[in-house]
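First the structure, in the form of structure tokens, and then the observations on it.
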């Protein structure tokens, strides 16, 4: 009898494992529970005025806003303005195709401007003595979620533009930042 008890337990375990019990997880409910901003990051190429790739940027979003990771080389050392522009088109050599600063709130330019600042205004980049930059920028003023008034992914997209000079954070409309020297189009894949 004692020998039958261990065999009975083993048999019970095997039968339980093979019972074909119903899985209670509903794939549709799991899909619906995924966070709204859990999208794949957007990667963009950064082009210089000759149309050559000089770097890339990765844009991602979490509950606190959009993070932009900028990595580039071949730039002039020093502080350089970087802004989000209203159109996802980067036609060299002047990148005017990117339009004005991204400004859905119709405010004036500059973090220190008493009349507000553009949603596309970002902190200056620090380019090292070798002409390289690798920085994380964060902004809560824009979103990657389509259909929102402050979405970078509207019908014509937007662009990330690095300027020849630094942003003084006051002068309207562009912070006295100089020429556009690098541009990357921010568009939804397939556009």
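In our numbering, the protein residues as written are 385 to 575.
No residue lacks a Cβ here, since even glycine has one placed at the ideal position from N, Cα and C.
Return the bridge partner residues of residue i from the DSSP annotation.
| i | result |
| --- | --- |
| residue 527 | 535 |
| residue 572 | Beta-bridge pairing links residue 572 to no other residue. |
| residue 439 | 430 and 456 |
| residue 542 | 570 |
| residue 449 | 446 |
| residue 522 | 451 |
| residue 511 | 462 |
Determine the burial state of residue i: buried for a count of at least 16 other Cβ atoms within 10 Å of its Cβ, exposed for fewer.
| i | result |
| --- | --- |
| residue 551 | buried |
| residue 424 | exposed |
| residue 403 | With a pLDDT of only 44 at residue 403, under 50, the local geometry of the prediction cannot be trusted, and no value is derived from it. |
| residue 514 | exposed |
| residue 419 | Since pLDDT at residue 419 reaches only 35, below the 50 mark, its modelled position is unreliable, and the value read off the structure follows with that caveat. With fewer than 16 other Cβ atoms within 10 Å, it is exposed. |
| residue 427 | exposed |
| residue 408 | Because the pLDDT of residue 408 is 31, which lies under 50, any placement of that residue in the model is unreliable, and the number read from its coordinates should be weighed accordingly. When all chains shown are included, residue 408 counts as exposed. |
Alpha carbon to alpha carbon, how far is residue j from residue i? Give it in angstroms, no decimals.
| i | j | result |
| --- | --- | --- |
| residue 430 | residue 456 | 8 Å |
| residue 538 | residue 484 | 15 Å |
| residue 486 | residue 461 | 26 Å |
| residue 473 | residue 481 | 6 Å |
| residue 516 | residue 467 | 18 Å |
| residue 548 | residue 439 | 16 Å |
| residue 499 | residue 525 | 16 Å |
| residue 437 | residue 528 | 23 Å |
| residue 512 | residue 530 | 35 Å |
| residue 541 | residue 448 | 21 Å |
| residue 476 | residue 568 | 11 Å |
| residue 561 | residue 572 | 28 Å |
| residue 533 | residue 458 | 35 Å |
| residue 441 | residue 497 | 27 Å |
Nearer than 8 Å: is that true of the beta carbon of residue i relative to any heavy atom of the ligand ATP?
| i | result |
| --- | --- |
| residue 540 | Looking at this structure, you won't find the ligand ATP or any other ligand, since it has none at all. |
Which one of the options has the shortest CA to CA distance from residue i?
| i | options | result |
| --- | --- | --- |
| residue 371 | 436, 451 and 437 | An answer regarding residue 371 cannot be provided, because it is not within the stretch 385 to 575 covered by the chain. |
| residue 432 | 572, 571 and 566 | 566 |
| residue 491 | 445, 502, 481 and 479 | 502 |
| residue 479 | 536, 435 and 533 | 435 |
| residue 519 | 548, 470, 510 and 446 | 510 |
| residue 446 | 454, 568, 522 and 532 | 522 |
| residue 570 | 561, 543 and 564 | 543 |
| residue 505 | 572, 458, 448 and 470 | 470 |
| residue 464 | 531, 540 and 563 | 563 |
| residue 536 | 507, 488 and 561 | 488 |
| residue 507 | 453, 541 and 476 | 453 |
Does residue i have its Cβ less than 9 Å from a Cβ in chain D?
| i | result |
| --- | --- |
| residue 547 | Reference to chain D is not applicable here, since this structure consists of a single protein chain. |
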